[in-house]
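K.L.:
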Ligand code: PMP
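In our numbering, the protein residues as written are 1110 to 1505.
Right, dumping it as structure tokens:
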């Protein structure tokens, strides 16, 4: 190894470990359901984005196996050569139906979807107004586009309006985009989409909503844009296929013209192999389930509300979530990590989230109750929370 690389790695890794900021990864030894096995031990799982339990759904597993038998395990090429299977076309038609748009395009992950879509449309002559707490993949997509990035204070509509006005009146930019998460995953709060749309109309902004955590969760399962009835107002509806949908991938839903453009200009579509057939078939079926029934969505909210009420009753600070995502805010990074470690020893897997994922001093253990949990599992988790909370002095 090069000496300079060795010095760099050793110094920085040690620094992170000393500050309690080094994230240890625990491999899961089976399905990522409401109970997971780690280190040979069964734990109540409150850390997965598998909101509706679809990642382990038997019918979807059967459909994925059937498609794998028919098409093989890989798509074999990028979309624009011969990696576009009829399954991808069906998926994209289903996504457009699900999101109420003319068309949709899928990508290999939510992360590369943001890289693809932002840099596919914006360039160095443009500006992007971006919520300060937007997801890392949005930030990277903005950087890749080389547009001027103008961050606005989290969900602060006065700040957004002032910055939009200044950008528009400067006359410096060809196009200006406003970009936001639909649901902010660290706190579970929602973007103020009706106000954002109003500001966008006033200053002719392109609107871009990444609803990774809203699809399957908000708007009776159809997402945050649907929740606010703004399907006709948002230019880019982004989502992932890896959270509530339970599989892997990302998508843009929008006008036919927008999707036609992304098919010729977004680089992961042109230069990275298409999603595998088994996954595509399972995703299409999962979306159909969400179109046909709100049962899993309703169960998710019932469990989310139950768990939140339980934690609040015990005296935990659960922030201001508007979704089933339930942070337990601890503050100090080391205490947060100790809290999460003790929960795991007692039987609950709830991961600590600390700087740089969230601002310094706002460390939290984030809980994701899902549709697949039973009330008994949630009660057991609450009892463990009470024990560890008292032991570490987080609650009285
Ligand atoms: N956008 C947001 C808002 C996210 O929270 C995530 C997932 N962490 C992504 C994009 C990336 O999605 P994926 O995991 O499907 O790549």
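In this text, a Cβ means the ideal position worked out from N, Cα and C, and glycines have one as well.
1. So what's residue 1377 in DSSP terms, helix, strand or just coil?
2. Do the region 1209-1229 and the region 1335-1348 meet, that is, are 3 or more Cβ pairs less than 8 angstroms apart?
3. Residue 1477 and residue 1155: beta carbons closer than 8 angstroms?
4. Classify residue 1174 as helix, strand or coil using the three-state DSSP reduction.
5. Residue 1303: which of 1279, 1338, 1212, 1327 sits nearest, CA to CA?
6. For the alpha helix (DSSP H) containing residue 1131, name the first residue and the last one.
7. Please report the residue range of the beta strand (DSSP E) in which residue 1333 lies.
8. Along the alpha helix (DSSP H) that carries residue 1413, what are the first and last residues, could you check?
9. Got a sec? Which residues, its chain only, sit under 7 angstroms from residue 1330 by beta carbon, not counting five neighbours each side?
10. What does a CB cutoff of less than 6 angstroms around residue 1295 pick up in its chain, not counting 5 residues either side in sequence?
11. Within the same chain, show all residues whose beta-carbon is closer than 6 angstroms to that of residue 1461, passing over the 5 residues directly before and after it, in chain order.
12. With a threshold of 7 angstroms on Cβ separation, who are the neighbours of residue 1217 within its own chain once the five nearest residues in sequence on each side are excluded?
13. Can you look up residue 1292 in the DSSP assignment and give me helix, strand or coil?
14. Cβ of residue 1349 within 7 angstroms of any heavy atom in ligand 1?
15. Out of curiosity, what's the CA-to-CA distance linking residue 1273 and residue 1283?
16. Pick out whichever of 1491, 1426, 1414 has its Cα sitting closest to the Cα of residue 1452.
17. Mind listing, in chain order, the continuous beta strand (DSSP E) runs of no fewer than 3 residues lying wholly within the region 1195-1237?
18. Please list, in chain order, all residues of the same chain as residue 1439 whose beta carbon is under 7 angstroms from its beta carbon, the five residues on each side excluded.
19. Is it true that the CB of residue 1391 sits closer than 8 angstroms to the CB of residue 1169?
20. Take the Cβ of residue 1149 as the centre, count every other Cβ of all protein chains shown within 10 Å, and call the residue buried at 16 or more, exposed below.
21. Between 1207, 1175, 1497, 1426, which has its C-alpha nearest residue 1455's C-alpha?
22. Cα-Cα, which of 1469, 1121, 1393, 1436 is closest to residue 1176?
23. Across which residues does DSSP place residue 1361 in a beta bridge pair?
24. Pick helix, strand or coil for residue 1497, following the three-state DSSP scheme.
25. Would you report the Cα separation of residue 1433 and residue 1263, rounded to the nearest angstrom?
26. Closest to residue 1246 by C-alpha separation, out of 1235, 1259, 1219, would be which residue?
27. Just checking residue 1505 against ligand 1 - is the residue's beta carbon closer than 7 angstroms to any of the ligand's heavy atoms?
28. Find the nearest neighbour of residue 1184 within the set 1431, 1499, 1386, judged by alpha-carbon distance.
29. Quick check on residue 1208: buried or exposed, where buried means 16 or more other Cβ atoms within 10 Å of its Cβ?
30. So does the region 1274-1293 actually touch the region 1311-1331, counting three or more Cβ pairs closer than 8 angstroms?
31. When you compare only the Cα positions, how much space is there between residue 1248 and residue 1214?
32. Which word fits residue 1323, buried or exposed, when buried means at least 16 other C-beta atoms lie within 10 angstroms of its C-beta?
33. Where do the N-terminal and C-terminal ends of the alpha helix (DSSP H) with residue 1389 fall, by residue?
34. Return the residue from the list 1243, 1265, 1266 that minimises the CA-CA distance to residue 1258.
35. May I ask you to check if the CB of residue 1223 is nearer than 7 angstroms to at least one heavy atom of ligand 1?
36. Considering just the uninterrupted stretch of the alpha helix (DSSP H) at residue 1273, what are its terminal residues?
P.N.:
By the coordinates alone:
1. By one-based count along the chain shown, residue 1377 stands at place 268. If DSSP states are grouped into helix, strand and coil, residue 1377 belongs with the helices.
2. yes
3. Here residue 1477 corresponds to residue number 368 of the chain shown, with the count starting at 1. Here residue 1155 corresponds to residue number 46 of the chain shown, with the count starting at 1. Yes, Cβ-Cβ distance for residue 1477 and residue 1155 is below 8 angstroms.
4. Reading the chain shown from its first residue, position 65 is the one you call residue 1174. In this structure, residue 1174 counts as helix in the three-state DSSP scheme.
5. On the chain shown, residue 1303 is found 194 positions in, with the first residue counted as 1. Checking every option, the nearest Cα to that of residue 1303 belongs to 1338.
6. Taking the first residue of the chain shown as position 1, residue 1131 is located at position 22. Premise fails: residue 1131 is in no alpha helix (DSSP H) and is neither H nor E.
7. The sequence position of residue 1333 within the chain shown is 224, counting from 1. First-last for residue 1333: 1333-1336, but that is the alpha helix (DSSP H), not the beta strand (DSSP E).
8. Counted from its first residue, the chain shown places residue 1413 at position 304. 1404-1423 is the extent of the alpha helix (DSSP H) around residue 1413.
9. Translated into positions along the chain shown, residue 1330 becomes position 221. Around residue 1330: 1399, 1403, 1406.
10. Walking along the chain shown from the start, residue 1295 turns up at place 186. Same-chain partners within the cutoff: 1467.
11. In the chain shown, counting from the first residue as 1, residue 1461 sits at position 352. These residues qualify, in order along the chain: 1445, 1446, 1449, 1474.
12. In the chain shown, the residue the question calls residue 1217 occupies position 108. Excluding sequence neighbours, residue 1217 sits near 1358, 1377, 1381, 1384.
13. Here the question's residue 1292 lines up with position 183 in the chain shown. If DSSP states are grouped into helix, strand and coil, residue 1292 belongs with the strands.
14. On the chain shown, position 240 is the one that residue 1349 refers to. Result yes, Cβ under 7 angstroms from ligand 1.
15. Here residue 1273 refers to the residue found at position 164 when the chain shown is read from its first residue. Here residue 1283 refers to the residue found at position 174 when the chain shown is read from its first residue. In a straight line, the C-alpha of residue 1273 is about 13 angstroms away from that of residue 1283.
16. Within the chain shown, the letter at position 343 stands for residue 1452. The residue with the shortest Cα to Cα distance from residue 1452 is 1491.
17. 1212-1216
18. On the chain shown, position 330 is the one that residue 1439 refers to. Same-chain partners within the cutoff: 1445, 1448, 1472, 1473, 1474, 1503.
19. Residue 1169 sits at position 60 when you count from the first residue of the chain shown. Residue 1391 sits at position 282 when you count from the first residue of the chain shown. A contact, by the Cβ cut-off of 8 angstroms.
20. Counting from 1 along the chain shown, the entry for residue 1149 is found at position 40. Result: exposed.
21. The residue given as residue 1455 occupies position 346 in the chain shown. Ranking 1207, 1175, 1497, 1426 by Cα distance to residue 1455 puts 1497 first.
22. Within the chain shown, the letter at position 67 stands for residue 1176. Nearest of 1469, 1121, 1393, 1436 to residue 1176, Cα basis: 1393.
23. The residue you call residue 1361 lines up with position 252 of the chain shown. Per DSSP, 1214, 1347.
24. Position 388 of the chain shown, counting from 1, holds the residue named residue 1497. Three-state DSSP puts residue 1497 in a helix.
25. What you label residue 1433 is simply residue 324 of the chain shown in a count that begins at 1. What you label residue 1263 is simply residue 154 of the chain shown in a count that begins at 1. Distance between the alpha carbons of residue 1433 and residue 1263 is about 20 angstroms.
26. Position 137 of the chain shown, counted from the start, is the residue given in the question as residue 1246. Per the Cα distances, 1219.
27. Here residue 1505 refers to the residue found at position 396 of the chain shown. No, since every heavy atom of ligand 1 falls outside the 7 angstroms radius drawn around the Cβ of residue 1505.
28. On the chain shown, residue 1184 is found 75 positions in, with the first residue counted as 1. Here the closest residue by C-alpha is 1386.
29. Here residue 1208 is taken as the residue at index 99 of the chain shown, counted from 1. Buried.
30. yes
31. Residue 1248 sits at position 139 when you count from the first residue of the chain shown. Residue 1214 sits at position 105 when you count from the first residue of the chain shown. Cα-Cα distance, rounded: 21 angstroms.
32. Working through the chain shown from its first residue, we reach residue 1323 at position 214. When all chains shown are included, residue 1323 counts as buried.
33. For the purposes of this step, residue 1389 is identified with residue 280 of the chain shown, where counting begins at 1. Looking at the DSSP string, the run of the alpha helix (DSSP H) that includes residue 1389 is 1386-1401.
34. Here residue 1258 refers to the residue found at position 149 of the chain shown. Among 1243, 1265, 1266, the Cα nearest to that of residue 1258 is on 1243.
35. Indexing the chain shown from 1 puts residue 1223 at position 114. Yes, Cβ of residue 1223 sits closer than 7 angstroms to a heavy atom of ligand 1.
36. Counting from 1 along the chain shown, the entry for residue 1273 is found at position 164. Looking at the DSSP string, the run of the alpha helix (DSSP H) that includes residue 1273 is 1266-1279.
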